[in-house]
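Here's the structure, in structure tokens; my notes come after.
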Amino acid sequence: MTRRRTQNRPRLAELETDLLSRRSFLAAASAAGAHWATARAGSAKSESDPASIEARRKAAWRRRPLILDDDGDLVYADETRKGPAAFLSLRMHDCRAAGVNSLAWCIMWGIAKKGKTPVRYWQTQKLGTPFQKNMPDPTPVIAKFCREHEIEVVGSIRMNDCHDGYGLPFPKLVYPLKVEHPEMLIGDESQRGGVADGLAAAMWSGLDYAHQKVRDDRLWWIENTAKQYDLDGVDLNFFRMPFYFKLGEEEQNTPLMTDFIRQARKRLDAVSRHRGRPVLLGVRVPGTIETCNRIGFDIETWLRERLVDRLLTGGGYVCYSTPAEELIKLGHRFDVPVYPCINCPANYTLGGGNLRAAASNFWSAGADGIYLWNFQYIPAPGSLGYGRPANEQYKKHLPEIDDPEKLRHLDKSFTVNRRVWKQYQRASAPAPLPVALGQRAGETARTIPIRIGDDIPSALRAGKLRDVVLRIQTSGAAKGDALAVTLNDAPSKVTENSGDNRFSLPLEPRTVKQGINQLKLKTARRGTSAKNAIAIEHINVDVRYQQE
113 MTRRRTQNRP
123 RLAELETDLL
133 SRRSFLAAAS
143 AAGAHWATAR
153 AGSAKSESDP
163 ASIEARRKAA
173 WRRRPLILDD
183 DGDLVYADET
193 RKGPAAFLSL
203 RMHDCRAAGV
213 NSLAWCIMWG
223 IAKKGKTPVR
233 YWQTQKLGTP
243 FQKNMPDPTP
253 VIAKFCREHE
263 IEVVGSIRMN
273 DCHDGYGLPF
283 PKLVYPLKVE
293 HPEMLIGDES
303 QRGGVADGLA
313 AAMWSGLDYA
323 HQKVRDDRLW
333 WIENTAKQYD
343 LDGVDLNFFR
353 MPFYFKLGEE
363 EQNTPLMTDF
373 IRQARKRLDA
383 VSRHRGRPVL
393 LGVRVPGTIE
403 TCNRIGFDIE
413 TWLRERLVDR
423 LLTGGGYVCY
433 STPAEELIKL
443 GHRFDVPVYP
453 CINCPANYTL
463 GGGNLRAAAS
473 NFWSAGADGI
483 YLWNFQYIPA
493 PGSLGYGRPA
503 NEQYKKHLPE
513 IDDPEKLRHL
523 DKSFTVNRRV
533 WKQYQRASAP
543 APLPVALGQR
553 AGETARTIPI
563 RIGDDIPSAL
573 RAGKLRDVVL
583 RIQTSGAAKG
593 DALAVTLNDA
603 PSKVTENSGD
613 NRFSLPLEPR
623 TVKQGINQLK
633 LKTARRGTSA
643 KNAIAIEHIN
653 VDVRYQQE
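My numbering applies: residue 113 is where the sequence shown begins, and numbers increase by one.
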């Protein structure tokens, strides 16, 4: 056993004196552990093996149009101190009312938050310390609610969360393995910085999976999550954060990660046989094969060996510009359902206050459903507080994207993503914007791909379409500046700066393709007051339909 260091951990002495005793908590945990071994004993006696590929396949392919992720931050909300009912009222009732039937619950709840209760997720799950008097452990509360309301619930494990490298939620590292074995980190304290300070600042506090002790620690989390809680599966969230080895060592360590997934599969198979039903293994990985390879993931081998039951793709940061069809086709080749990710807050804003265009792109790419990350933080009107959209926002935004037929003729604003922080961009598809057009007219022409999931020519023929408008926002444009615009094979058109670096142009619907459209832009002329180079900052194609 490794020697404990307590100077950087939250002081357990600060716990309220009326917390449940550790003995009573462990007794409850023991009872829960006994439950997993005996649950559904009748079905366990059947001839079929619950860990068989066929049993897993059947469970994996249940209909789940939306998977709603919950980061568990609200365990630290003041209301939670009143107990489970108050805790569930913060999010879960809204989730149910919106018709969500699949939840990815973060087992490492509130990993970057803190509150009046000082206990951390690992103290509850590794040391048996009750979270608080009225709710010793949040996960059974979530699992019970989901069971009662027929919502699939999967434990989502952040495989290398590095918020602590930014001082969140504490100025120093507190997770025992990181404190006791700094040599097993990807970097060191000298690299500490902010979220905009690049890869070194983002990666330094991550665990280096080249170390066996690190992999064993993560396997403990996978196995304990499956054994301890009544869940339908375990998701390995590899996008929190997307680095697992020191830079330059990813390729040589790829076999280690493949073996790690094999070990995870074996552990979940064992739990499946004890439970008498499949416990699914999901993975959230970068959004393309190339970016998976870049961080040390041989995703094709994981699928070919039938190690993975469901595939959650991408961080969702560049969801409008991601070739989601690539991993969808790969997953389907091996009979695995695929759920591309929308990272909701920023893309909600880019989409004009909704997620419809992003969802349309994924459905048209062949997705089996959509994985929603941070939906609870969309900047929508009527927010009830941190991580709490108003009930009507759940009921408005989620039902309109969970069915491609309902979504078909709803207004949308398709857009092009901008580059994001380096730590996420290296694990994401290329983001086309911003791009420079130069100082002089005709100096530089740029061709920018824009993905449009709607079949606009078909909607036009059906009399459903109202109009299609291109909007462009630039920097550096002056009064009198004009852009030459060519969409696909259509004739070029010129649009003039309407003020505040904004250009707009109606598009001929017949020229808009379902899928990838090529938008060619160049400066047609400069106004007399032009001084700065023009850069393309934002592009939107607004598609509006006839109202019935």
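By construction, the Cβ of each residue, glycine as well, lies at the ideal position given by its N, Cα and C atoms.
The structure presented is a predicted model; accordingly, all values stated were derived computationally and were not measured.
From the options, residue whose alpha carbon lies closest to that of residue i
i: T366; options: T403, S214, P561; result: T403
i: R304; options: L617, G279, K228; result: G279
i: A338; options: I568, R379, A477, F355; result: R379
i: A313; options: E295, D276, V326; result: D276
i: Y451; options: P457, G463, S476, T461; result: S476
i: R232; options: M271, D185, V212; result: D185
i: A197; options: Q488, P242, N246; result: N246
i: P546; options: Q535, G554, R531; result: R531
i: M369; options: S384, E335, Q324, V346; result: Q324
i: I584; options: K194, N652, R174; result: N652
i: A209; options: Q505, P621, F526, G394; result: Q505
i: G195; options: R176, F243, D523; result: F243
i: K225; options: W234, P281, P248; result: P281
i: R330; options: H386, N349, L343, W316; result: N349
i: I407; options: Q364, D421, A376; result: Q364
i: R259; options: V291, G227, N213; result: N213
i: L343; options: V307, G310, V383; result: V383
i: A171; options: T229, W414, H293, L393; result: L393
i: E649; options: K508, V391, P544, I628; result: P544
i: G360; options: R538, L633, D654; result: R538
Coil, strand or helix - residue i by DSSP
i: H147; result: Residue confidence is low: H147 scores 43 on pLDDT, short of 50, so the model does not pin down where it sits. Its coordinate-derived value is still stated next. DSSP places H147 in helix when its eight states are reduced to three.
i: E301; result: helix
i: I223; result: coil
i: T361; result: Note that residue 361 is Glu in the sequence shown here, rather than Thr. In this structure, E361 counts as coil in the three-state DSSP scheme.
i: N652; result: strand
i: L545; result: strand
i: W661; result: Residue 661 falls outside the range modelled here, since the chain spans only 113 to 660, and no answer is possible.
i: Q711; result: With the chain running from 113 to 660 in the structure shown, residue 711 is simply not present.
i: L522; result: coil
i: Q324; result: helix
i: Q585; result: strand
i: L577; result: strand
i: A553; result: coil
i: R396; result: strand
i: Q375; result: helix
i: I482; result: strand
i: V528; result: coil
i: L285; result: coil
i: Q505; result: helix
i: S570; result: helix
i: F615; result: strand
i: I454; result: strand
i: D185; result: helix
i: P511; result: coil
i: P561; result: strand
i: N405; result: helix
i: A642; result: coil
i: N459; result: helix
i: R637; result: strand
Neighbourhood of residue i by C-beta, 8 Å cutoff - its chain only, sequence neighbours within 5 removed
i: R374; result: E417, L419
i: A502; result: A492, P493, G494, S495, L496
i: Y657; result: H521, L522, D523, A571, K576, L577, R578
Own chain, CB closer than 7 Å to residue i, minus 5 neighbours either side, in chain order
i: Y341; result: T251, P252, A255, G267
i: D567; result: Q626
i: D320; result: M296, L297, I298, V326, F357, K358
i: S160; result: A167
i: C671; result: Residue 671 is absent from the structure shown; the chain starts at 113 and stops at 660.
Same chain only: Cβ atoms within 6 Å of residue i, ignoring 5 sequence neighbours per side
i: I165; result: R418
i: L631; result: I560, I562, L599
i: F351; result: R396, G427
i: L549; result: T556, T635, I646
i: P457; result: N486, Y489, I490
i: L423; result: G443, V448, V450
i: P390; result: P162, A167, R168, A171, S384
The region 583 to 597 in contact with the region 622 to 637 per 3-pair CB rule at 8 Å: When C-beta atoms of the region 583 to 597 are compared with those of the region 622 to 637, three or more pairs fall below 8 Å, so the two segments count as touching.
Cβ contact (3+ pairs, closer than 8 Å) linking the region 599 to 607 and the region 508 to 518: no
Alpha helix (DSSP H) runs wholly inside the region 409 to 452, at least 4 long, in chain order: If we require 4 residues or more, the alpha helix (DSSP H) runs fully inside the region 409 to 452 come out as 411 to 416, 437 to 445.
Unbroken stretches of the beta strand (DSSP E), 3 residues or longer, contained in the region 207 to 279: 214 to 218, 264 to 270
At least three beta-carbon pairs within less than 8 Å, the region 427 to 442 to the region 487 to 496: no
The region 421 to 441 touching the region 385 to 403, judged by at least three CB pairs closer than 8 Å: yes
Segment contact, 8 Å Cβ cut-off, at least three pairs: the region 211 to 228 with the region 180 to 199: yes
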